[in-house]
Each structure stands twice: as structure tokens, then as C-alpha cells.
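One structure is given below, encoded as C-alpha cells.
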Amino acid sequence: MTGALGIYNYWIYVLLMMIGLYGVIAKPNLIKQAIALGLFQTGIFLYYISMAVIDGGTAPVWTTILDGAQKFEGPYDNPLPHVLILTAIVVSVSVLAVALALIINIKRTYGTIEYDEIEAMDQADKRADYQRSQVVDAADDLEQRLEGHHHA
Amino acid sequence: MNAVVLIDTLLLLLVTVTAVAIIEVRSLYASAILTGIYSLLMALVWVNMHSMDVSFTEAAVGGGISTILLIGTLVHVGRDEKPIKKRLHVPALVFTALTGAALIYGTLDMPRFGDPAAPIHHYRVPEMMAQTVGFVNGTPGKQKPPEGFDVERYRRFDGRITGPIPDDPKDTAWRENSALRLEGLMVPQVHAAHEPHAEPGHHLHPPDDFNGHVPNSVTSLLAAYRGYDTMFETTVIFTAGVSLILLLRRPRREGYLQSGAVMSDQVILRVVSKLSIPFILIFGFYVITHGELGPGGGFQGGVVLATAFILYALIFGRAALYRVVPPPVSDILTGVGVLIYSGTGAVCMLLGGKFLDYSMLNRELPGDGESLGMTLVEYGVGITVSMVMLTIFNQLAEERST
Amino acid sequence: MIHLDVSPPLLAIYIPLLGALLISLAGRWPNLRELVTLLTAGALLWVVAGMAPAVLAPDFWASFARAPALKIAEVLPGVWLELKVEPLGMLFALIAGGLWILNSVYSIGYMRGNHENNQTRFYVCFALAIASVMGLAFAGNLFTLFVFYEALTLTTYPLVAHKGTAEAIRSARTYLGILVVTSVCFLLAGIIGTYVFTGGDMTFRPGGVFTRALADGSLTAPAFGILFILYMYGIGKAALMPVHRWLPAAMVAPTPVSALLHAVAVVKAGVFTVLKVIVYVFGPAVLVRYGVGSWLIYVAGATILIASCIALFQDNLKRRLAYSTVSQLSYVIIAAALLSPLSITAAALHIAAHAFGKITLFFAAGSIYTAAHKTEISQLDGIGRRMPITMAAFTIGSLSMIGLPPTAGFVSKWYLLQATWETDAPFVLVVVILSTLLNAAYFLPIVYRAFFVAEPKHDVIPHLSSADGEFGDDTDPQHSHHGHAPHVVGPHGEAPWPIVVALSCTAAATIAFFFYSDLAIGLATQLRSGLP
Amino acid sequence: MLEAFEIIPNLPVLVVTVPLIGGVLTIAMGRGKGPWAWATLITGLVFYFTVLLMQQVLAAKTGYISYELGNWPRQWGIEYRVDALNAFILLTVAGVSFVTTLYAQKSVEKEIPQDRHNFFYAVWVLAVCGLLGITVTGDAFNVYVLLEISSLTVYALIAMGKDLNRQALTASLRYLILGSVGASFILLGIGYLLMVTGTLNMEDMHDRLAALPDAVHNRTVLVAFALLLVGLGMKMALFPLHMWLPKAYTYAPSAVSALLSATATKVGIYMAFRFLFTIFGVGFSFVAMPAHVVLSVAACAGILVTGVTAVRQTNLKRMLAYSSVGQLGYIVAGFALANVHGVAGSVIHIFNHAVMKGGLFMAAGAIMYRLGRCDLRSIRGLGKRMPLTMAAFVAGGLGLVGFPLTAGFISKWYLVQGALEAPHMWPVAAVVLVGSLLAVAYTWRVVEAAYFQEPEGESALVTEAPLSMVAPMWILIGASVYFGVSATFTGEISMRAAKSLLGGAP
């Protein structure tokens, strides 16, 4: 169990993360992206919790202390990664909530939640804006050229 | 291959399949529901890995709140993904494959799964767990590390690892030579705690033994050692709530009260919910209060409390909920939780200790002070979490009624 | 740390700064504004002239080594903004300060005569530019020099872009672009390189700062040569080809700007910096020993000849003057590049001598434009009869450019030829002779045309020529009440009196310099005597 | 109960908890000017604390101050560790935040609906809290938590530009997704390091990594390094991972743009300092690993590409945003040199750029306030209409160019000096210099439009922005000039920070 088999558990987290990452990149639907982002983060949680496992270990709740008993009771899994991941889970749900709020707002103003459509709208906006300023610049240039012509 | 690994493998297989389904299914509703299922499966995985608190949280958050949020959002944004012509996004696939390969490459030098010799198991955590709250030179404080405490012994799992422990996790040859046995490791020296009193600073203090009061080491880590992280975790939740108010709340003049769907005319629903809500609330408070003893804590309890309110709103309408918890009250309460937490820390500081040094709360029995502080902050977390969840629900629901 | 002090060199910077502030406050009352300008210029000259005797004192160099620099601010730990007076800077400051007064008088006539807009901005920027020039002249180390060099670029930019027409903005872009590119990419790199190699020593001292680094081998000869190239091309204001293009571009500015800044302050700031770097940073002797400076002679010589040839074919008067300036600047550089004590003297003298002649020429060009609205040489037939004073002054300026006695140009050319003999540099001799011929070829026809060709009959009403576009269109009658000189629409005479007074003075000075050049020669000799 | 309490020993934690508690209390400040006044008070107080903290650090014999939270020993609990570097960054972030809060009042009044000012300022103060928290901590995981606070607040703040332009929403969401992916990489990188070292304390991690035989060939450490580099690159908008930044800064409310440009990415860079120098150490990051090559190539490409892009922009805020990415390139190029002057230049540019860019975004915000837009066309002739604002813009622009006697020049000086001193890094010096030419190009388009073109339409009628906007703007611009004329203080602090970062450098 010391070879690749011993660390295969860490590979599944990579698989989950990558499924999530694929979703984030490949799916134009914003809700899908938000969900995929969640999967991506869950992969990391799995990594952390896997890190905490110890052979033959048990949950790190020390019942012996309550009993006042003296016997040793199997090794405990490492509580530190658990704590870190509790925090991370909270962070991920907060991020999800904010993302959803943004998506609702986007739906309200754009009428769609497909990223490619939104991007197209943004580009059109930008182009229109740019053209508006360009039109004026071009007009200025024309004016100057006409003036020059007039002088000549 | 032990049982953990076996069950783990099966569960993870299921999880992976679910994950693929979540990404690939076209109905967003199905995707959202599958997310709930995914979370429940994950909760099982956590249980299998003995991470009860994470499991509880995953079930409450992933299976509960996240799914509610997603479905609440789908009501506004439509239920289906736009059909895409090409199902497989090749660049994304290549990119993720490369990234994944890099990550796996990084795991190659890791200690194997469950290796007790992994640095994380023997470097700091054993000492951390053996920390006590007592008197250092007559004043309350943490002993760093307590005198008379044999760090080396803990690092060696109470003498079960002999010979040198190498720093390089790749080096596994030593394990064959060591007399490592797996049973009976990593238990704090409770026998020391029950020895007769000695003068302060030289022995672990039985009545003030902090770990003695908090059997759930996850909670002690969460609320004490890394209590500062948890304070900000609460703040993250608070921030999310405030952000949602900022982004979604309608202007005040339009009023809060919008008639949502009311199901109170259905007798069974009404009766069952009326009966169960008190129990849900009690359970929530129980989880908050008893986080030190078993799995659970402020966060999980807060989510449970929130579900009671949400259930109430679903059955009796949000108008009824607003009569119980008016938005200004919930707004204020979201902050109150964070203030309880940070206030507890500040009081410790004002009493002359470091920020969040709970032992300042009871100078005679620092261990009790530690315990009191942890309980206080757990309540803080619980209040903020429940009120923020309620606020988020309200904001999403309010949006629907327009 | 910032130190505040009122010693004379600092005063020389503060006075124009204060002037700029007062001018901007007095913006609403043109007469008061112009009075402030003149008073400021007078005060500045008084302060600058007051410093001269100390520099001319025989024991100056002995005290120079001992006297601490005047520290203004510690910009970086160990890097000070500091001033120190030395002969070359003194000479430069005197020329700039003295000509500012005349130029201010001229500006009043010109700006009002042509109904320019934004006159307050013009005077404010002008005063700021003069402040930068003073800082540049008295800079005590390379860092300070660079600070004021860049400040000069920045403060003169609004003057070049003054008209705000597309043409003006484009030209100003060229101006700023070339000057900033060269100074940032090469000069600054050179200065920081110097700082790194010398271990933080950037103080000007005769003989240069590199001796130790060269001696202990931390600075190799090729690196030393690269540093020299960085400096020479970094100082874009010296208009060494091919970075000279900003100078013709800057001619779009109102003529007083061209006159003072582009015949005196900015371009002279360039060659002044070149000279200062050669004398006080590299050290002529060190350059000779390592043989890294000889290429400069050929580049400068080529610049002289090519610029003169280009000037031959320019019909626009100011452009012809601009190319003449490019060529004349390289006289200074070629003299400096000979690296002998006498040639350094010649270079310093030519900075002064060229200033008087060139400002006269520009004044004359502006005078013609104001009075007759003519900008092209081909339009100048017979103008000498209508504007005799202007064209007489123009003739004197031309003679000075050619280097004929009794004008200023002869004095410096004389020293340059002496240095050429002394250093046995036949290439330079050939260049000087050829360029003298070329100078004559592009200046004398103008004089001839003005005085000896009859005025064409139909050309009495000035019309807007294509070249006018270059100078904008300020003939809007509703502005005419601004100026006290009536707008010329019919047969014209001389330009408004401030213009005539100013150009007469500079023309007189060009001749006077031939007879009374003691001060300039004294300072230049003092500079030479400081060389180790 | 207060007799045992002293401010000075608790300064490191007060810097973070005061804005935390203050931020939460902001929601109770009612309507009108209450929330703004409260936020100003809190940020002002924090600024005062950071000044005191700076004094303490400078006076400390060890060169740093350590604060163990909850009195848990640093190996087990969370430690705050303040040395010259974080004290300086804290001072910068707190100072600029304070001035920006002063500035925000009018701008926010106009751009954010009145009924949620209390929530807006709460998020605002919490953002500052998160940024300060990242800067002060010495615990790797605490960095992640506070990073998420600052990110979450920033997402919300950016999205509040939605009433002006709906693109604020997509900008915010894009940042949310990229930012979360980046933060996840950071989290995973920390996890890899935790696996190898068994600790979360930065100093402890460094010692463990140093003790690890053959860390250079440990694949876990290598991947952790790469993960952190990518994650931090996203957070600090290192080219080419900067895609989220231009849009976010362009469409955020004006005051938010000013706050973020001056603080958010700076803190990202600070994290890079900590991870590369303090945790991995110079020997690992820059000698064994080719971090200097990767970073300097990315930085140089960023300077050039974003410089050219900035020149092509017509929207001032977008132009400034691209310029920000380029300027971050300077900072990264500086510390990639891994020698004293390069790192010092990098540290000092964090401060200088924060001050200058803050002032510039404030000027752009003032134009927005008066005109409702800020493109090159609408600012024509504004030099006469809004003289103070445009003068501030020009002065700040000259700073970006690195004109002598502006703060930007000081940075440039150190960076070029560092590049000339490092072996074979002179191209960095060249890029730094060429980059400043690009800055001339985009700054000058504004100068030309504002001063040499005639106003048109409504911009001919506007007046100068209100004093409450102009004064803070000039505080920052004035500071950028002051610290350009006399950079002895900033120079010495950054040299000190650089030396302590490079401590064990060969």
C-alpha cells in the first residue's frame, strides 16, 4: 500500500475538482458555472479531509475524557483539517449566495443568463460606445482636412 | 485495504458519477436537485472519514441551504440551460486534464493515505491537543508547552514509533524498522490530569484542564485555537447576507410585504409544521450549545434554526414570518451575532489578556472561562448564521414576488 | 528631508516660480500681468548677475572643491537635490536670464499683436520654463540636472501646443515624444548606470566621476563607451541627428517661444548638458584616454552638414531657422568632442554667441509675421523697404550665423578654428569651412530678396496661405480690441514697437558681443582652467 | 475592567478588529450621512493605529512584533506578525482607505440608492478589514479566510455599479468566478504545504521546508509552489491572469474603483511576498525555482501589452484600469529581481502606486460626478472648467510616467537600479523605461483633450467638483508629490523591508 495505491484517494479529489473546473470553463450557463464552482471547491474539501485520516483512526471526539476512563481508545483522526474545511464550506456557501444574487440581477437587466449571449451584448454596448467617440473624432479630422483644403 | 478505504471507494464512485451528471444534465432543476444529492453523498463520505462536524455541515448547507438557494434562484432565471451544439468543450477538457495531471503529480510525494507518520499527524497537532489552560507563574494562561509534558512522546504516538522520524515524507524505509502499532495512539495524557494537585505551572491542572471540558476537539480547535478564523468565518456569512440585501432588496417604499404562496390551507402541512417547528428550534439550540461535546456547533445549529423559520414562511407565507421576525430585526440580529463573537474577544482583551483569550473570563478557573467563551461565541455564530440564512431566503423570495 | 534656503542660486529658481504664481493671479489684468513678467525677469537677471564676480574670482576652483553644495531636498536616501554654481552654468544662466527680459518685451508686442488666446498660461509656462533653466544651470549633480531637464521639457510643452490646433497638438506630440523617449530611455538609464557603477556618486566635479570605477575594473571600457553613447543620445535637446526632428516640429509655437526657448533655453540646455556631462562627469582627459568619444566628432560633423543642406531647401522661414539651429548646435558638440581645453572654451563661447544671433533672427521672423502675416521666404521680396529695422537686424543675425566679423559668431568660430589647429583635426576644419559656405548660401539670399528685389504689385493684402494653417487662425476681428496695435490689413509698416525695440537690442548685442565679450570669455576660460 | 487594558500591545489586533466591529455596527447607523461619518471615523481610527504600529515596529529590537491571538502559542494558534513590510503596507492600505472614505460621500450619494448606504458602508469597512487582516497575519490559513472576506465584499462593492451600467454585474460575476478559482488554488496550495510541513504558521512552515531534505525535488512542494503562484497571480491580476480587472474597475462605483485600485491588488502582491519570500524563501523561489524568470517575463509582457492597450482606451477609468495592470507589472518585476534594490523598488511602488492611482481614480470619479461619464470626448476643455481635478489628474499621470519629483520616479529609480545590479536582468530595466513612455502616451491623450481642445455640449457648463471630493484627491496627489521630492522615509522603510525579506539570501 505504499505505492500509487496509497495515494489514490487523493486522485479522486483531483477528478472532482477537474469536473468542476471543466464545468466552470465549458458551460456558458451562469447557474451551471456557479454549481460547478461549488463542485470544484468540494474537491478541495475532499483533499483536506483525506489528509486528516489516520489508519485505524476514529472521530476526534474524546469520549474517554467524559468517562474519566484511562484506557487508550484507538487513534483519533486529525481534527485540524476538519476545522479548516468547516470554514471553507461556509465560505463556499457565501460565495454561492452572492453569485446567485448577481445572476438574478443579470437576468433582470440582460434577460438571459447564458454567458455567450451576455458577452455579445456587452461587446455590442462597448462597440457602440466606442463608435460614438470615434464618430466625433472622425468628424473632427474631416473638419480639419476641409479647413486645410480651404486654405490651400 | 481497510473498511474506511472500501466504503470510501464506493461512495466516491457514486459522488463522481453524480458530479458528472450535475455538469452534463440539461435541466437546471435536475442539476440543483443532484447538487443536493451530491452533498448528501459527500456527507456520507465525511462520516466515513470520521469528520462528523464537516458531515453535519455538509448535510445542512449542501443538502439543505444550497439547494434551497439554487431552486429559489431558478424560479427567477428559468429552468433550462440553452442547448449547446457541441457537447464536449475540447479546450476546457485539455486544460482541465493538464491541470489535473499537475495536481496528481503533486500528490506523488505525499505520505500515503492514512499514514500515521505524515507530518500533519505528528508535527504540531499532538502537542496542540495536549495544550491545557491553567496557570503560568500564577496568572491564567496557556502553557507553552506545559511543563512536564513530553512532546517527543506524543510525536511518537506514546512511544509506539521508535527510531528517528524522518522529515522527508517520501522516506518510508524507517517504518519497517519501527515498532509502530496502530492501536491506542494520540490520546492526551489524561492520567496526568487526575494526579493530585501540584503547584501551578508544573502539572496539568485537573479542574482547569481545558481539553477536559471540551471533548470534541474539532470544536476546541474551531472556537479556541483557531477561534480567530472562525470569527471571520462568521463575518464572511454576515458579509454574504449584507451583500444580498445590497443587491436584491427592493427599495423600502415598495414595502417588504409581498404576498407569496401560502399553503396554510392544507391541514396536514399546517399541523405537521406547527408540531415540528418547536422541535426543530430546540434541536437547533441543542446543536449550538452542545457543539463542545459532540458534532455540531454554532454554524450547524444556526442552519437548523434557519430551516425552522423557512419552513414557517413556506407554510404560512412570508407575511407571517415578517410578523415573527421583521426584516429590521433580522438585519440587526445578523450583526449581533458577529458582535457577540468579536465582543467576547474584545472583552478578553479589555480584561488585560490577548484578544479571544477566553481564560480571562474566569481568572479563578481559567478552564471554565475557556469553556464559557466558547459557548458565547458559538451562540454568536448561531445567531448570525440563522439570521443570514433567513435574510438570504427572504431576499430570494422577495425577488420572486415581483 | 526638505531644506528651505534663500541663497542666490535658489533665489534664481524661486524668483521665476514666484513670478509664475503672481502672473497667474494677475491673469485678469493684462497690463499688470506683463508688468509682473518684466519685473520678475529684471529681478532674476539682477540675482544671476550678482553671482558672476565670485565665479570669475581667480581662486574660484580652490574654493569650489571645498564649498558644500546647496542642498534642497534628500529625494532618496543619499541622493540630494542640490545646486552648485560653476562657470559653465553661470554663463548659461546669464544668457537665459538676460535674454528673458528682451524676450518678454518682444512677447508683449507679439502676443497682443497676434491676438493669441490663453496668454496667461503662456506667461506662466514661460516663467516656469525659465525656473527650470535656472535649476538646470546651477544643478550640482546629475540627478538634479535630470530633474530640471525633464521639468524644462514639461513646462515648454504647453508653449509648443499653445494654439491647440490639430497641427500644434501633433507637433507638440513629436516634441514631447522625442525628448521624453530619449531622456527616459537613454539619459535616465545612463544616469542610473552611473549611480550603480560609481557606487552612488553623481556629483559634478572637473575630471569626472568614473576614475575610480575605471581604475578598479568594475567599469570596463566597452561599458564606459556605452554609457557615453547613452548620454549623448539621451540628451535629445542637443538635437544630434537623428533625434533632431522635435526641433522643426516645435516651430509651430508662437515666435517668442521659438525665439527664447528654441534658440536659447531648450536647445542650449541640450548642448549645455552635453558639455557639462563631458566636462564634469566623464572628464575630457578620461575620454581621450579610453578613446570612446571620437565617434561624436563625425556624427556632429554630419549633423552640421546635413542640417545645413536641408535648410537650403526650406521655404518656410522658421523652418529654415530651425535647421540652422540644428546645425549650429552641433558646432558646440563638435567643439566639445575635440576634448581639448581650448575646444571646450570654444564650445562654451558658441553657446553664448549663437544665442544672440539666433534670437535676433527669430525675432525678425516673428516681426514679419506680425506685421505682414508672411511666413514663407518666397513672399519676402522687397520687404526690407517696408520693415528696414527688422531686416537690418535679420542681416546682422545672418552674419553672426555665418561667422563674419564684427558679430558674435566670429568670436566663437575663431576659438573653434584655433582648437582645430591645436588638436590637428582636419575633418573638423573641412566641416567648419563647408558649413560656413552653406550658411552663407541659405541666409544671404533672404537678405538679398528683402532689400534688392522689388515688391510684387498685387501682394498688398495678406491672404491666408497654406502655411498660415500652421500658425493657426487668429484673425478673428472680435478679438482685435485685445491688442493695442491695429490689425494689418493693408500695406504694412514695421511691427509694433515692443517687437522692434526687442530685436534692435538683440541685434546690437550681437555686434556688442564682438567687441565686449570679456565676461563670456572670462567664464569660458575659467571653465578651462578648472580642468585637471 | 479597563485598567488592565493597553492599546499599544494590542495594536496588531486592533487594526483588524476595530474595522470588523465598526463595519458591523455601520448597519445600525441609520440613513443620511450617518453611515458615511461612522465609516470615516472607523477608517480614521484604523489609520491612526497603523501609524502607531509603524512606530512600534521601527522601535522594535527584533524588527517585528508578534501577537498571539487567544494567547495560544504561535505554533498552534494564530499569530500576527508585523515587520517593516506589513507595517508599511498596513499604513498604505489604511491611509488610502481613510482618504477614500472621506472622498466617497458625495460620489456614493449620487451613485448608490439612498436606502442602503448603511449596508454599503458596512461592506466597505469590512473590505478594508479583510485587506488589513491579510496583511497583518502570520498564519497561512488565516490569509485564506481574510482573503475571502475581502473578495466577497469586493464582489458586492463592484456590483453596486449596476445602477450606472449593467456591465458592473457581469464584471463582478466574472471576478467572482475567477477570484474563487484563484482563491481555491491558494487554499489547495496551502493544503499541499500543510501536508508536507504539518503546520500553518508561516515562519514554522519556512523552517520545516528549509529542514526538508531535497525540498527542490519534492513534487508536492513544487506543485504547491505552482498552485500558489497561479492563485496569487489571479488575485493580484498579474498579466495574463488579469482579465477580470479592467472591467471590474471600469464599472465599479467611482469611490470603489479608487479604493480597490489602491488597496486590493496591493494586498495580493503582499501575499505573494509572504508566500515567495517568507514561506518558500529566496533560495527556493528564486534560485532553485525559475520564479524570477516566470514572474519577470509575465511582468514585462504585462507592462508592454497593457500599456499599449491603455493607449487605445477612450474611457478614462478603463484606461486607468489597464494602467493598473501595467503598474502591477513594475511591482512584480521588482521583486522578481530578488535583490535589495529590486525588492525595495517593488515595496515602495506598492505605496507610491496606491497613492497615485487612488488619486487618479478619484479624479476620474469627480469627472463622473459632474458629467456622468468620463471618456476622452467628454473631458475636452475641462482644464478650465475643473482646474483642480484636471491638475490632479495631470500630476497623478506624471507620477505614473515616473516624472522626476513624483513618487513614480522614485520607484523607477530603485527598479532600474535593481535591474542593472542583477545579472542578466537589464532587459527589465529597458522594459521599465519603455513602460513609462507608454504611460506618457496614455496620460498625454488626457492632457491634450483637457487643455488643448474646446469643450462641447454640457461639459462646457460644468463647474469644479465639490470640495469634499477635491480635497481628498489632492491629499493623495500631494502625498505622491511629497514622497517624490523627499522619499527618505519611504525609501528607508522599503530598504528595511527588502533586507528583512531577503534575510537569508545568498
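Residue numbers (the numbering used here), protein chains in the order written: chain B, 1 to 152; chain Z, 1001 to 1402; chain C, 2001 to 2532; chain F, 3001 to 3506.
Even for Gly, the Cβ is constructed at its ideal location relative to N, Cα and C.
Computed from a prediction, not measured in an experiment: that's the story for all the values here.
Pairwise C-beta distances place the segment 3071-3081 of chain F out of contact with the segment 2515-2531 of chain C, as fewer than three of them are shorter than 8 Å.
Taking the CA atoms as reference points, Val53/B sits about 45 Å from Ala3252/F. Taking a cut-off of 8 Å on C-beta distances, the segment 3318-3330 of chain F touches the segment 3298-3308 of chain F, as three or more cross pairs fall below it. Under the DSSP assignment, Asp3083/F falls outside any alpha helix (DSSP H), being part of the beta strand (DSSP E) whose first and last residues are Glu3079 to Asp3083.
Here the segment 2442-2455 of chain C lies against the segment 2381-2398 of chain C, with 3 or more beta-carbon pairs under 8 Å apart. In this structure, Glu2494/C and Met2387/C form a Cβ contact; the two beta carbons are roughly 5 Å apart against a cut-off of 8 Å.
Close partners of Met51/B in chain Z (Cβ separation under 7 Å): Ile1120. One thing to note: Gly2234/C has its Cβ within 8 Å of the Cβ of Gly2190/C.
For Ile1037/Z, the secondary structure class from DSSP, reduced to helix, strand or coil, is helix.
In this structure, DSSP gives Ile2072/C an extended state, which the three-state scheme calls strand.
Judged by beta-carbon spacing, Leu3178/F lies within the 8 Å limit of Met3234/F, meaning their Cβ atoms are closer than that value. Using beta-carbon distances, Ala1313/Z does not count as an interface residue toward chain F, since no partner is under 8 Å. One alpha carbon belongs to Gly3484/F, the other to Thr3092/F, and they sit about 16 Å apart.
Within 10 angstroms of the beta-carbon of Ser2007/C lie fewer than 16 other beta-carbons, which makes it exposed.
The beta carbons of Tyr3144/F and Ala3183/F sit closer together than 8 Å. With contacts defined as CB atoms closer than 8 Å, Ile2334/C and Ala2238/C fail to qualify as a contacting pair.
Just so you know, the alpha carbons of Val3293/F and Leu3228/F end up roughly 16 Å apart. Between Leu30/B and Ile103/B, the C-beta gap is smaller than 8 Å, which places the two residues in contact. Beta-bridge pairing by DSSP links Val2079/C to Leu2076/C. For the pair of segments examined, the segment 2403-2413 of chain C was found not to touch the segment 2272-2291 of chain C: the number of CB pairs separated by less than 8 Å stays below three.
For chain Z, the residues of the segment 3143-3154 of chain F that bring a beta carbon within less than 7 Å of one of its beta carbons are Val3145, Leu3146, Glu3148, Ile3149, Leu3152 and Thr3153, in chain order. Judged by beta-carbon spacing, Phe3286/F lies within the 8 Å limit of Ala3338/F, meaning their Cβ atoms are closer than that value.
Rounded to the nearest angstrom, the Cβ distance from Val2124/C to Ser2024/C is 5 Å, consistent with a contact under 8 Å.
Not flagged as an interface residue toward chain C: Thr3263/F, since no C-beta distance is shorter than 8 Å. Just so you know, the alpha carbons of Tyr2516/C and Gln3313/F end up roughly 58 Å apart. Ile2235/C carries a coil assignment under DSSP once its states are collapsed to helix, strand and coil. Boundaries for Ser2183/C: no beta strand (DSSP E) harbours it, and the DSSP string shows neither H nor E there. Beta-bridge pairing by DSSP links Asp3139/F to Asn3201/F. Here Pro2284/C is buried: its Cβ has 16 or more other Cβ atoms, across all protein chains shown, within 10 Å.
Residues of chain F whose Cβ lies closer than 9 Å to the Cβ of Arg1249/Z are, in chain order, Asp3115, Arg3116 and Phe3119.
Less than 8 Å divides the Cβ of Val2079/C from the Cβ of Phe2143/C. Residue burial annotation: Gln2119/C is buried, with at least 16 other C-beta atoms found within 10 angstroms of its C-beta. The C-beta distance from Ala3450/F to Gly3383/F rounds to 4 Å, short enough to fall under 8 Å. If you draw a straight line from the Cα of Gly3030/F to the Cα of Leu3173/F, it comes to about 29 Å. Ile2297/C: member of the alpha helix (DSSP H) spanning Ser2294 to Leu2312, first to last residue.
Bounds of any beta strand (DSSP E) do not take in Glu3492/F; it lies within the alpha helix (DSSP H) bounded by Thr3488 to Leu3501.
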